[in-house]
Every structure is written in structure tokens, then in C-alpha cells.
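> Last residue of the sequence shown: 223 (the numbering used here), numbering continuous. Below is the structure I would like to discuss, written out as C-alpha cells.
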Amino acid sequence: MTEDKLKEIKQSFRLMMNGPASQSMRQKGVGYKLNWGVPFPQLRAMAADYGKDYHLAIALWKEDIRECKILATLIMPADEMPCEVAELWLEQVPNQEMAEMLAFNLLQHADYAPEMAYEAIASSRPLYQIFGFSLLGRLFMRGLEPNDRGANEFLDQVAVALKDSNVGVQHAALNCLLRFADLGPRFTHMVPKSLADAYLM
């Protein structure tokens, strides 16, 4: 039963609690109703024990608990997650950590990832942009090459993001630009000289 698994998971967090990590995150503004400070490797091992489970992932995501939401991104089967559910989760992302987790752990494996990433980087919402650049960066790392139109659209958005007042957006855009350039000489040459001089040299 999903409810029994959810209860079991939530109880287990007490045994894995890392007080200093939890306090440090709170001080940095990473807010959740509950944050046990459990390290990511432990959560990944825990997710492996439970395996992929759509219904458990949905139940976990509904909890305003850091560890539940991270587990949800690890347990949700990407090939069973409708785009509408992914968009809802993105809308409910509370902070940068979770925006990155959603991209890295789950949505880089979804068929609709490229379209979702491009829509997100064009958003005016910082967490959407961080998610979008994080997701695109992962796709570039996996060798997904954009066509010329996609590459130009990406570079236009990067140029804007690198001047953003939000440091998280700037860092996500720069990391993604580096992954884009790593695709090969053709892509490195597509980067405008002004961006290359400032960020890639």
C-alpha cells in the first residue's frame, strides 16, 4: 500500500537526520515545512530499495518535506510521467535545490525534456530559468545537439540570463553554456565572441 510505504519512509527520516546540515540549509533560505538534512547519497540508496513507483512518487511530492520531494524525483518513472504532471511539479518547486533535483534526477530522462527546457529558460520566473538551464545542460552532456534555430534561441536566452540580477540564474546559464560549448567545435564557434571572451576563455 502506498500509504504504508509513505508512513514508513517518513518515520525513517528521523533515524537519518543531520541537524547541522538542516540548520545550514535553513540559514541559506532553503525553506521547507520539514527538512531533516539527509544527505543525497542516502536518499538515492533509499530510492533504489523502493524502485520506480508512480503512485508513491505522487504521494511523496505532496509532502512539504525536503526528503520526500527529493525521493519523489528519484522514484518517479520518467517514461510514465505525463508532461502535465511535470509542469505541475515545476510550478510547485519551492527553491533552487529542488529545481535542480527535478531536472537532474527525473526530467532529463523524459521524452518532452527539450521542449520543456526551452520553455523554462524563456520564462520570467527565476526558478523556471534555473530548472530550464539545468535540464538543457544535462541534455547537452548526454550529447543532444540542438539544431541551428534551437542553438540561436538558447544563446539569446543565455545572453539575457548572464545579466540577470539573480545569481542562481547566472550560474545555471553559465554552466549550461559550458556544456553547449563542450558539444564540439561547431557549437563553440556558434557562441558570440562577446560571450566567449567573457565566459569561455
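Glycine included, C-beta positions come from ideal geometry on N, C-alpha and C.
(1) So, is Met23 buried or exposed, given that buried needs 16 or more other C-beta atoms within 10 angstroms?
(2) Can you give the beta carbon distance from Ala108 to Ala94, rounded, assuming they're within the 8 angstroms contact cut?
(3) For Tyr169, count the other beta carbons within 10 Å of its own beta carbon; 16 or more makes it buried, fewer makes it exposed. Which is it?
(4) Which term fits Ala203, buried or exposed, when burial requires 16 or more other beta carbons within 10 angstroms of its beta carbon?
(5) Report yes or no: do the region 59-70 and the region 100-115 share at least 3 C-beta pairs separated by less than 8 angstroms?
(6) Excluding the 5 residues flanking Ile92 on each side, which residues of the same chain have their C-beta closer than 6 angstroms to its C-beta?
(7) Give me, in chain order, the residues of the same chain whose beta-carbon lies closer than 6 angstroms to that of Cys198; leave out the 5 immediate sequence neighbours on both sides.
(8) Would Val191 pass as a contact of Gln151 if the rule is Cβ separation under 8 angstroms?
(9) Classify Gln33 as buried or exposed, calling it buried when 16 or more other Cβ atoms lie within 10 Å of its own Cβ.
(10) What are the boundary residues of the alpha helix (DSSP H) that Lys27 is part of?
(11) Do you know how far the Cα of Val213 is from the Cα of Leu8?
(12) The alpha helix (DSSP H) that contains Ser145, what's its start and end?
(13) What would DSSP say about Leu56, mapped onto helix, strand or coil?
(14) Can you name the residues that DSSP bridges to Ile87?
(15) Between Leu217, Val115, Tyr134, which lies nearest to Leu166 when the distance is taken from Cα to Cα?
(16) Could you tell me the distance, in whole angstroms, from the CA atom of Lys27 to the CA atom of Pro63?
(17) Throw me the rounded Cβ distance for the Ala173 and Phe209 pair, which I believe falls under 8 angstroms.
(18) What residue range does the alpha helix (DSSP H) around Asp178 cover?
(19) List the endpoints of the continuous alpha helix (DSSP H) containing Glu119.
(20) With 16 as the cutoff for other CB atoms within 10 Å, does Arg171 come out buried or exposed?
According to the data block:
(1) As a position in the sequence shown, residue 23 is number 1, starting the count at 1. Classification of Met23: exposed, given that the 10 Å Cβ count is below 16.
(2) Taking the first residue of the sequence shown as 1, we reach residue 108 at position 86. Taking the first residue of the sequence shown as 1, we reach residue 94 at position 72. 12 angstroms between Cβ atoms; not a contact.
(3) Within the sequence shown, numbered from 1, the residue matching residue 169 stands at position 147. With the sequence shown as reference, residue 169 is identified as Asn, and Tyr is not the correct amino acid for it. Under this definition Asn169 is an exposed residue.
(4) Taking the first residue of the sequence shown as position 1, residue 203 is located at position 181. Buried: at least 16 other Cβ atoms inside 10 Å.
(5) no
(6) Reading the sequence shown from its first residue, position 70 is the one you call residue 92. The residues are Leu65, Met123.
(7) Mapped onto the sequence shown, residue 198 falls at position 176. Once the five neighbours on either side are set aside, the close Cβ partners of Cys198 are Phe155, Leu158, Gly159.
(8) Position 169 of the sequence shown holds residue 191. Position 129 of the sequence shown holds residue 151. Their beta carbons are under 8 angstroms apart, which means Val191 touches Gln151 by this criterion.
(9) Counted from its first residue, the sequence shown places residue 33 at position 11. Flag for Gln33 reads exposed.
(10) By 1-based counting over the sequence shown, the position of residue 27 is 5. 24-38 is the span of the alpha helix (DSSP H), which, as asked, contains Lys27.
(11) The structure shown does not extend to residue 8, since the chain is modelled only from 23 through 223, so no value can be given for it.
(12) Residue 145 sits at position 123 when you count from the first residue of the sequence shown. Looking at the DSSP string, Ser145 is not in any alpha helix (DSSP H), and its letter there is neither H nor E.
(13) On the sequence shown, position 34 is the one that residue 56 refers to. Of the three classes helix, strand and coil, the one that applies to Leu56 here is strand, per DSSP.
(14) Here residue 87 corresponds to residue number 65 of the sequence shown, with the count starting at 1. Answer by DSSP bridge pairing, in chain order: Leu56.
(15) As a first step, residue 166 is located in the sequence shown; it is residue number 144 there, counting from the start. Minimum Cα distance to Leu166 is reached at Tyr134.
(16) Along the sequence shown, read from residue 1 onward, the residue named residue 27 stands at position 5. Along the sequence shown, read from residue 1 onward, the residue named residue 63 stands at position 41. Roughly 20 angstroms between the two C-alpha positions.
(17) The count along the sequence shown starts at 1 and reaches residue 173 at position 151. The count along the sequence shown starts at 1 and reaches residue 209 at position 187. About 7 angstroms separates the beta carbon of Ala173 from that of Phe209, a gap short enough to meet the 8 angstroms contact definition.
(18) Counting from 1 along the sequence shown, the entry for residue 178 is found at position 156. Secondary structure note for Asp178: its alpha helix (DSSP H) is the uninterrupted segment 170-183.
(19) Taking the sequence shown and counting its residues from 1, the one referred to as residue 119 is at position 97. Under the DSSP assignment, Glu119 falls in the alpha helix (DSSP H) whose first and last residues are 118-123.
(20) Sequence index remark: in the sequence shown, residue 171 carries index 149 (1-based). Exposed, because fewer than 16 other Cβ atoms sit within 10 Å of the Cβ of Arg171.
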